[in-house]
Amino acid sequence: SVPLSFFGGIGGASRAGILVKGGNYLEVLADTEIVVFDKTGTLTKGVFNVTAIHPGECSEERLLELAALAESYSDHPISRSLREAYGREIDAGRVTDVEEIAGHGVRAEVDGIPVAVGNDKLMERVGVEWHPCHRVGTTVHVASEGRYLGHIVISDEVKEDAVQAISALKAMGVRKTVMLTGDTRAVGEDVAARLGLDEVHTQLLPAGKVERVEALLKEKTGRGKLAFVGDGINDAPVLSRADLGIAMGGLGSDAAIEAADIVLMDDKPSKIAAAIRISKQTLRIVR
Ligand code: ADP
Ligand code: MG
Numbered sequence: 279s280v281p282l283s284f285f286g287g288i289g290g291a292s293r294a295g296i297l298v299k300g301g302n303y304l305e306v307l308a309d310t311e312i313v314v315f316d317k318t319g320t321l322t323k324g325v326f327n328v329t330a331i332h333p334g335e336c337s338e339e340r341l342l343e344l345a346a347l348a349e350s351y352s353d354h355p356i357s358r359s360l361r362e363a364y365g366r367e368i369d370a371g372r373v374t375d376v377e378e379i380a381g382h383g384v385r386a387e388v389d390g391i392p393v394a395v396g397n398d399k400l401m402e403r404v405g406v407e408w409h410p411c412h413r414v415g416t417t418v419h420v421a422s423e424g425r426y427l428g429h430i431v432i433s434d435e436v437k438e439d440a441v442q443a444i445s446a447l448k449a450m451g452v453r454k455t456v457m458l459t460g461d462t463r464a465v466g467e468d469v470a471a472r473l474g475l476d477e478v479h480t481q482l483l484p485a486g487k488v489e490r491v492e493a494l495l496k497e498k499t500g501r502g503k504l505a506f507v508g509d510g511i512n513d514a515p516v517l518s519r520a521d522l523g524i525a526m527g528g529l530g531s532d533a534a535i536e537a538a539d540i541v542l543m544d545d546k547p548s549k550i551a552a553a554i555r556i557s558k559q560t561l562r563i564v565r
């Protein structure tokens, strides 16, 4: 049975915007040794601004239109940002045969013409040679019918409280902080350095994130626990693989909120240290 004061701990957490789905998770939280983060939408805002448009065979406007249309059905932060940058009403009736490929991008038919919008891996997959981009940022390539049309460079910002969130975890006794991302090495290492993370692994597909978490689970010591924090876009499998799955409740997908043990209602990574503090206080009363 769950000791009565656990309800106090859960109540205190919920008043702080931290939804804990059961008393047992308070015990796991108190022993958090390794915290693994997803990047986009978790440590960064997940709101990308277009910083450059480099069309090859078409106009800038056309490149952005094709990208925004092909992305019309996706929930990925990149898709939302491209639609926002396009700024016009999107007639989703022009878009058919949509296929979203996790860690790659999307393929769709726009006005009956096949279009691929995504990263290097997607271009390889559709067999189109792309032009490298030397700017720091996430490069979104656009190809159609086997031809390269150009790319759009977008960039995200770290969340205001992310630096403090990482240092607070260290202060709470968390031994290791890690970031996993499907984004490029340049972008991943830049974010990790800004935040002072201990480790970063880039260019990962969803299955690669699961493998990393499995390797990190083996690095735990004593009764230490591993927490994974994500927004759930493509990372529901890792959320359930970790000892503790923590999801962002605002930007997060329904699947993530479902798969998570703890939900941060306001998407603030600093709430993880707050949750650990509450769990330790609660256990001091109980143990
Ligand atoms: P993260 O690990 O940062 O959360 P994801 O695993 O969701 O990122 O995506 C990894 C990479 O795959 C992105 O940086 C992007 O290059 C590409 N990608 C994924 N989804 C899309 C999409 N809908 N449109 C364009 N590119 C995408
Ligand atoms: Mg993600």
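Numbering (full-length UniProt numbering), first residue to last: 279 to 565.
All C-beta atoms in this analysis are idealised placements derived from N, C-alpha and C, irrespective of residue type, glycine included.
If you're wondering where the values come from, they're calculated on a predicted model, not measured in any experiment.
Could you tell me the distance, in whole angstroms, from the CA atom of N327 to the CA atom of E335? As a first step, residue 327 must be located in the sequence shown, where it is residue number 49. As a first step, residue 335 must be located in the sequence shown, where it is residue number 57. Cα-Cα distance, rounded: 23 Å.
F315: buried (16+ other C-beta within 10 angstroms of its C-beta) or exposed? For the purposes of this step, residue 315 is taken as residue 37 along the sequence shown, with counting starting at 1. So F315 ends up on the buried side.
Closer than 5 Å to ligand 2: residues, by C-beta to nearest heavy atom, in chain order: The answer, residue by residue, is D316, T318 and I511.
Here's the rule I'm using: 16 or more other beta-carbon atoms within 10 Å means buried, otherwise exposed. How should V414 be labelled? For the purposes of this step, residue 414 is identified with residue 136 of the sequence shown, where counting begins at 1. Exposed is the call here.
Given the structure, does E467 come close to ligand 1, in the sense that its CB is under 7 Å from one of the ligand's heavy atoms? Counting from 1 along the sequence shown, the entry for residue 467 is found at position 189. Checking the Cβ of E467 against ligand 1 gives no.
Counting pairs of Cβ atoms below 8 Å between the region 369–376 and the region 454–466, do you hit three or more? Short answer: they don't touch.
To which residues of the same chain is S445 closer than 8 Å at the C-beta, ignoring the five residues directly before and after it? In the sequence shown, counting from the first residue as 1, residue 445 sits at position 167. In chain order, G474 place their CB closer than 8 Å to the CB of S445, counting only its own chain and leaving out the 5 sequence neighbours on each side.
Alpha carbon to alpha carbon, what distance is there between V478 and H551? For the purposes of this step, residue 551 is identified with residue 273 of the sequence shown, where counting begins at 1. For the purposes of this step, residue 478 is identified with residue 200 of the sequence shown, where counting begins at 1. Looking at the sequence itself, residue 551 is Ala, so the reference to His does not match. The straight-line gap from Cα to Cα measures roughly 20 Å.
Nearest neighbour of E423, chosen from D468, P547 and V395 [CA to CA]: Position 145 of the sequence shown, counting from 1, holds the residue named residue 423. Nearest C-alpha to E423: V395.
Sub-8 Å separation of T318 and D434 beta-carbons: Position 40 of the sequence shown, counted from the first residue, corresponds to residue 318. Position 156 of the sequence shown, counted from the first residue, corresponds to residue 434. Contact: yes.
Roughly how many whole angstroms lie between the Cα atoms of R366 and P392? Taking the first residue of the sequence shown as 1, we reach residue 366 at position 88. Taking the first residue of the sequence shown as 1, we reach residue 392 at position 114. Cα to Cα, R366 sits roughly 21 Å from P392.
Per-residue burial, E349 [other beta carbons within 10 Å of its own, 16 or more giving buried]: For the purposes of this step, residue 349 is identified with residue 71 of the sequence shown, where counting begins at 1. Label assigned to E349: buried.
With a floor of 3 residues, list each beta strand (DSSP E) that falls wholly inside the region 305–348, ordered by position along the chain. If we require 3 residues or more, the beta strand (DSSP E) runs fully inside the region 305–348 come out as 310–316 and 327–333.
Among residues of its own chain, excluding the 5 on either side of R555, which ones have a beta-carbon nearer than 8 Å to its beta-carbon? Position 277 of the sequence shown, counted from the start, is the residue given in the question as residue 555. Cβ within range, chain order: M450.
Taking the DSSP output, what are the residues bridged to I296? Reading the sequence shown from its first residue, position 18 is the one you call residue 296. DSSP, once it has assigned bridges, lists L542 as partnering I296.
Around the Cβ of F506, are there at least 16 other Cβ atoms within 10 angstroms (buried) or fewer (exposed)? Against the sequence shown, residue 506 aligns to sequence position 228. When all chains shown are included, F506 counts as buried.
M401 (DSSP reduced to helix, strand or coil): For the purposes of this step, residue 401 is taken as residue 123 along the sequence shown, with counting starting at 1. Three-state DSSP puts M401 in a helix.
Could you spell out the range, first to last residue, of the beta strand (DSSP E) harbouring V388? For the purposes of this step, residue 388 is identified with residue 110 of the sequence shown, where counting begins at 1. Residues G383 to V388.
Can you find the residues in the same chain that come closer than 6 Å, C-beta to C-beta, to A443, ignoring five residues on each side of it along the sequence? Working through the sequence shown from its first residue, we reach residue 443 at position 165. Only residues of its own chain outside the window of five on either side were considered, and among them P547 and S548 have a CB closer than 6 Å to the CB of A443, listed in chain order.
What residue range does the alpha helix (DSSP H) around G486 cover? Along the sequence shown, read from residue 1 onward, the residue named residue 486 stands at position 208. Run containing G486: P484 to L495, per the alpha helix (DSSP H) assignment.
Helix, strand or coil for E377, going by three-state DSSP, please let me know. What you label residue 377 is simply residue 99 of the sequence shown in a count that begins at 1. It is a strand residue.
Host alpha helix (DSSP H) of E367 (start-end): Along the sequence shown, one-based indexing puts residue 367 at 89. No alpha helix (DSSP H) contains E367, which DSSP labels as neither H nor E.
Nearest to E339 by alpha carbon, out of L360, T322 and D353? Reading the sequence shown from its first residue, position 61 is the one you call residue 339. From the listed residues L360, T322 and D353, the smallest Cα separation to E339 is found for L360.
G486 to L341, Cα distance in whole Å? Position 208 of the sequence shown, counting from 1, holds the residue named residue 486. Position 63 of the sequence shown, counting from 1, holds the residue named residue 341. Between the C-alpha atoms of G486 and L341 there is a straight-line separation of about 31 Å.
Integer Cβ distance of A533 from G508, believed to fall under 8 Å: As a position in the sequence shown, residue 533 is number 255, starting the count at 1. As a position in the sequence shown, residue 508 is number 230, starting the count at 1. In fact, because the Cβ distance is near 11 Å, the residues do not count as touching under 8 Å.
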